[in-house]
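Numbering of the sequence shown is given in the UniProt record's numbering, commencing with residue 1 and proceeding in unit increments.
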Amino acid sequence: MVAEKPAMAEELAKNLSNNNFIKRQYYEDLGLDPSAAALEDYRNYGNEDNENPPSLKIFEFEYIFYGFEARVWMVATSGHIFEYGFKRRLTDPEQAFYYEIVDIQKNRFNKNLKCLPFLLRDVAEDSDAVVLCLDNDSEGEAIGFEVIDIVKDVIRTPPGGTKMDVIYR
């Protein structure tokens, strides 16, 4: 399950699990819940800033999903994952029809958010379904398509079905 904000992810996990969930950390370089020694080694030898590696909070719980017992990992995007803009500065609105649109690295100064697409892909790998728990507005819709674009190549496709058969909104 994917929520739009970390606070929403935690609240959904509390409510869907009857407050019976485990809070975990998934690290880009170290995987799920590394030991304290591994984190210390990373801080001391893995980077020059002595910081923790990029990570993603995961709220894990059991849930009955469409009649099946499921182990759920609830994660949050912290808003938009990607940002797009024009390669050159617009001086006239008509230029929008001709200038190239490029992907701008969103949140390039926050390591956790910068690595979010890679972390989401790793968390979604081999998942049977993805549930998008996003706001019912144009922002939530855009974030939903960003998440789908990230996970569509790694989630399992049901026999005789398509990727969109296992993505719920």
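Glycine included, every Cβ here is placed at the ideal spot set by N, Cα and C. Predicted, not measured: the structure shown is a model, and the values here were computed from it.
When you compare only the Cα positions, how much space is there between residue i and residue j?
i: residue 118; j: residue 98; result: 31 Å
i: residue 161; j: residue 40; result: 45 Å
i: residue 80; j: residue 70; result: 27 Å
i: residue 25; j: residue 163; result: 27 Å
i: residue 1; j: residue 51; result: 28 Å
i: residue 42; j: residue 95; result: 47 Å
i: residue 91; j: residue 85; result: 14 Å
Can you tell me whether residue i is buried or exposed? The criterion is at least 16 other CB atoms within 10 Å of its CB, across all chains shown.
i: residue 74; result: buried
i: residue 93; result: exposed
i: residue 102; result: exposed
i: residue 124; result: buried
i: residue 13; result: buried
i: residue 100; result: exposed
i: residue 34; result: buried
Taking a contact to mean a Cβ-Cβ separation below 9 Å, would you say residue i touches residue j in this structure?
i: residue 61; j: residue 17; result: yes
i: residue 38; j: residue 30; result: yes
i: residue 56; j: residue 120; result: yes
i: residue 131; j: residue 151; result: no
i: residue 149; j: residue 157; result: no
i: residue 77; j: residue 32; result: no
i: residue 10; j: residue 23; result: yes
i: residue 146; j: residue 82; result: yes
Where do the N-terminal and C-terminal ends of the beta strand (DSSP E) with residue i fall, by residue?
i: residue 22; result: 22 to 27
In terms of residues, what are the limits of the alpha helix (DSSP H) holding residue i?
i: residue 90; result: Run containing residue 90: none; DSSP gives neither H nor E here.
i: residue 166; result: No alpha helix (DSSP H) contains residue 166, which DSSP labels as neither H nor E.
Going along the chain, which unbroken runs of the alpha helix (DSSP H) with 4 or more residues stay wholly within the stretch 34 to 80?
36 to 41
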